[in-house]
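Quick note on the numbering used here: the sequence shown kicks off at 15 and runs consecutively.
The structure under discussion appears below in the form of C-alpha cells.
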Amino acid sequence: MTLTPPDFESELISTYAHPVPRYTSYPTAPHFGADIGAGHYALWLEEIDPASTLSLYVHIPYCDTLCWFCGCHTKITRRYDPVARYLPALMAELRQVHDRVPAGTRVKSIHWGGGSPTLLEPADIRRLASEIRNHFEVTRETEFAIEIDPRGLDRPRIQALGDAGVTRASIGVQDFDPVVQAAINRHQSFDETQQAVQWLRDVGIDSINIDAMYGLPHQTRDAVSATMEQVIALDPDRIALFGYAHVPWMKRHQSMIDETVLPDAVERYRQSQLAAGLLVEAGYRQVGMDHFAKETDGLSRARDRGTLRRNFQGYTCDTADALIGFGASAISCLPQGYCQNETAISKYRDCVEGGGLATVKGVRVGADDTVRRWVIERIMCDFVFSRRALRERHGGLGAGVLEDARRMERFERDNLIESTDDGFRVTERGRPFVRAICAHFDAYLKPAAAGHSTGV
Ligand SMILES: C[S@@+](CC[C@H](N)C(=O)[O-])C[C@H]1O[C@@H](n2cnc3c(N)ncnc32)[C@H](O)[C@@H]1O
Ligand code: SF4
15 MTLTPPDFES ELISTYAHPV PRYTSYPTAP HFGADIGAGH YALWLEEIDP
65 ASTLSLYVHI PYCDTLCWFC GCHTKITRRY DPVARYLPAL MAELRQVHDR
115 VPAGTRVKSI HWGGGSPTLL EPADIRRLAS EIRNHFEVTR ETEFAIEIDP
165 RGLDRPRIQA LGDAGVTRAS IGVQDFDPVV QAAINRHQSF DETQQAVQWL
215 RDVGIDSINI DAMYGLPHQT RDAVSATMEQ VIALDPDRIA LFGYAHVPWM
265 KRHQSMIDET VLPDAVERYR QSQLAAGLLV EAGYRQVGMD HFAKETDGLS
315 RARDRGTLRR NFQGYTCDTA DALIGFGASA ISCLPQGYCQ NETAISKYRD
365 CVEGGGLATV KGVRVGADDT VRRWVIERIM CDFVFSRRAL RERHGGLGAG
415 VLEDARRMER FERDNLIEST DDGFRVTERG RPFVRAICAH FDAYLKPAAA
465 GHSTGV
C-alpha cells in the first residue's frame, strides 16, 4: 500500500512518538540510585584534575506563582523569608565543595537556574555571585548565564545582574496567546517581556535566549505562529523550542491542565515543524533538535565545529570537563558519575548547614556507559554516528555499540537515517525523532519505558 504524505506522517509519529528520555544525561535520571551518596561525591570532587575546567550550576527552587505546565523543581512562595533562609545553605554548600575541589581549577561557565533566580533580591544576587567568585577561579572569560522570569522584573534586579557579571539571560516566554496563558496559569504580556529584554541590553547583557513551547493546552498553529513572530521581533540570539512534557504522575500540579484540550502527537509535530520553519526563515539556524541560534552565536559556531554538547540545561557550547550542581535537587556530572542533591529543601539545608554534602543518589558511569553516553551525545548534537570516530575515541570498548548499529533497518526503512561511508546520518525527516534513534543505543531502556514524556 502506498501512503499519502499526511498518512505517512501520522504513521511515523505513531511509531516513534512513544515515551523516550530527553538524553540530557546518560544513564538517565530514573537510573540514579541511593547506592551513590555524599561519600562518593566528596571523593569524586577531590579527584578532579586541577588542569580540567568546571561548570557551576546553582539551583534556586522558588517562584512566586505556579505555571501549571511546569516540570522544573520549584516551590511557590509569596514571601521572601524561605528564599532568604535558603541562601546561607547555598553558601555553606559552596564552602563544602570548595574545600574538596583542587585549588586553581578554572571555571568555564556559571549557570543560575530554577525556579526563578530573578526572585532573589538585588543585594542577594550580588552576594551570591561574589561568594562564588570568592570560592572558585572565575575569570574574565567565564560565561555567566541566568534563567529569567520577566514577569514583575524590575530595574534594580537587572542592574544587580549586570554588576554580578551575568553575560547571558534566558527568558521564559512559552506562548503569548491569552487563551493558552489562561490554560497554563501564566499571564505574561509581550510589552513586559520586551521591557525586560531592553533593560538587560541596557546593562550590557546582550546575549539573549528565549524559551518557547509547543504542545500546550489550547495551543494552535496560529498561536504558535503569532508567538514566533513576537519572539523574532525581540531579536534574541537563541531560541529554545520545547515540546510540553505532560507527566502529571510525576508533577501532580500538571493535572490542573485539561488533557482534552492538549494537542495530539500529530498536531504537536506540526506545531514544532511550523515554529522551526518560521525561525529558519527569519535567519536562525537549527541547532540540535530544539534550539535555534543566529549564525554569530556560540551555539551555532559549536554546531559547525562539532563541539556542541548536551547537559541538563539542554544544548550548550560549554565544554567544561565537570559540572558541579549546587542547591536542592541539583545534579553534578563528574568523570566518575552523576550525583544528585536532596530534593526536599529543608533536608537539603540540614545536610549542608550540618557541614556535609547533600548527595542522596547518583550513578557511577561504567566503561560501557561512557561509550554509549558519547555516542548518544554525538547523535543528539551532530546527527551523525561514525564508526571511525568511535574507534578513535573508545577503541575496542565500542563493540556493543557497533553491534547495535548493525540493527538499524527500521530507521533506514522509515527514512529517518541514511548510511554514510562509516556509519549513518540522521535525515531531515528523522531529526524530530532523534530521541527514538538514541534510545536504540540506550542499554537501560526497556520497551515501552514508563516515566518519560512523548517522543515528539
Ligand atoms: C526554569 S524555567 C525558565 C525561567 C523561569 N522560571 C520562567 O519560567 O520564566 C525553564 C524552562 O523550562 C521549560 N519548561 C518548564 N516546564 C516544562 C515542561 N513541562 N515541558 C517542557 N518544557 C518545560 C520552559 O520553557 C521554561 O521556560
Ligand atoms: S515555568 Fe518557570 S516561573 Fe513557571 S513555575 Fe516553572 S520555574 Fe516557575
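Yeah, the Cβ is synthetic: ideal placement off N, Cα and C, and Gly gets one too.
From a predicted model like this one, the values you see are computed outputs, not experimental measurements.
Sequence-distant residues of the same chain with beta carbon closer than 7 Å to residue i, five excluded per side
i	result
Ser400	Asp436, Gly437
Ser239	Leu288, Leu292
Leu430	Val440, Thr441, Arg443, Gly444, Phe447, Ile451
Gln285	Tyr228, Gly229, Gln233, Arg235, Val238, Pro277
Asp418	His454, Phe455
Gly414	Asp382
Close Cβ partners of residue i (< 6 Å) along its chain, the five nearest in sequence each way excluded
i	result
Phe83	Ile198, Tyr258
Phe158	Ile124, Gly179, Val180, Thr181
Asp456	none
Met242	Ala289, Leu292
Leu404	Gly412
Ile271	Trp82, Pro231
Met15	Because the pLDDT of Met15 is 42, which lies under 50, any placement of that residue in the model is unreliable, and the number read from its coordinates should be weighed accordingly. The answer is none, since no qualifying residue turns up.
Leu108	Glu145, His149
Thr67	Arg120, Lys122, Ala334, Asp335
Val374	Glu356
His87	Pro75, Ser343
Gln202	Arg165
Alpha carbon of residue i to alpha carbon of residue j, nearest angstrom
i	j	result
Pro250	Gly47	39 Å
Asp335	Glu61	12 Å
Thr310	Cys395	18 Å
Leu17	Ser24	Because Leu17 sits at a pLDDT of 45, beneath the cut-off of 50, its placement in the model cannot be relied upon, and the following sentence gives the value as read from the coordinates. Their Cα atoms are separated by approximately 10 Å.
Ala463	Ser69	Low per-residue confidence applies at Ala463: pLDDT is 43, beneath 50, and the placement is therefore not dependable, though the value from the model is reported in the following sentence. Ala463 and Ser69: Cα-Cα distance of roughly 31 Å.
Ser360	Gln327	24 Å
Ala321	Ala98	First, the amino acid is wrong: residue 321 is Thr here, not Ala. Approximately 39 Å, taken between the alpha carbons.
Gly51	Asp428	43 Å
Glu356	Ile146	21 Å
Phe397	Glu155	29 Å
Ala103	Met303	36 Å
Ala453	Pro35	8 Å
Gln188	Tyr228	8 Å
Arg386	Met422	16 Å
Ala183	Ile219	7 Å
Pro44	Gly186	26 Å
Tyr100	Arg363	7 Å
Ala358	Trp126	19 Å
Gly297	Ala316	17 Å
Gly53	Gly85	29 Å
Gln195	Leu416	47 Å
Thr42	Gln268	22 Å
Ile139	Tyr352	28 Å
Arg449	Ile222	27 Å
Asp205	Val301	28 Å
Pro33	Val111	36 Å
Ser314	Ile224	15 Å
Thr29	Tyr40	23 Å
Leu255	Tyr329	11 Å
Gln244	Pro116	47 Å
Ala372	Ile90	22 Å
Thr38	Ile390	10 Å
Chain D within 9 Å of residue i, Cβ atoms only
i	result
Ser28	Annotation note: the requested chain D is absent from the structure, which comprises a single protein chain.
Beta-carbon proximity list for residue i, same chain, < 8 Å, skipping 5 on both sides
i	result
Thr384	His408, Leu411
Ile27	Ala279, Val280, Tyr283, Val470
Notebook entry, point to check: In chain order, which continuous runs of the beta strand (DSSP E) of length 3 or greater are located wholly inside the stretch 107-145?
Noted result: 120-128
Next item on the list: Answer yes if the stretch 157-177 comes into contact with the stretch 209-217, meaning at least three C-beta pairs across the two stretches below 8 Å, and no otherwise.
Entry: yes
Item checked: Within the stretch 406-448, ranges of the alpha helix (DSSP H) (whole runs, at least 4 residues) -> 413-419, 423-427
Note to self: Does the structure place the stretch 395-413 close enough to the stretch 140-150 that three or more beta carbon pairs sit under 8 Å?
What the structure shows: no
Notebook entry, point to check: Any chance the stretch 377-385 sits against the stretch 342-357, with 3 or more Cβ pairs inside 8 Å?
Noted result: yes
Check: Along the chain, which unbroken stretches of the alpha helix (DSSP H) at least 4 residues long are found entirely within the stretch 197-280?
Finding: 204-216, 235-247
Checklist line | Given 8 Å, three or more beta-carbon pairs between the stretch 160-170 and the stretch 198-210 | finding: yes
Check: For the 8 Å Cβ check, are there 3 or more pairs between the stretch 113-133 and the stretch 70-81?
Finding: yes
Item checked: Contiguous alpha helix (DSSP H) assignments of at least 4 residues, all confined to the stretch 37-95 -> 52-60
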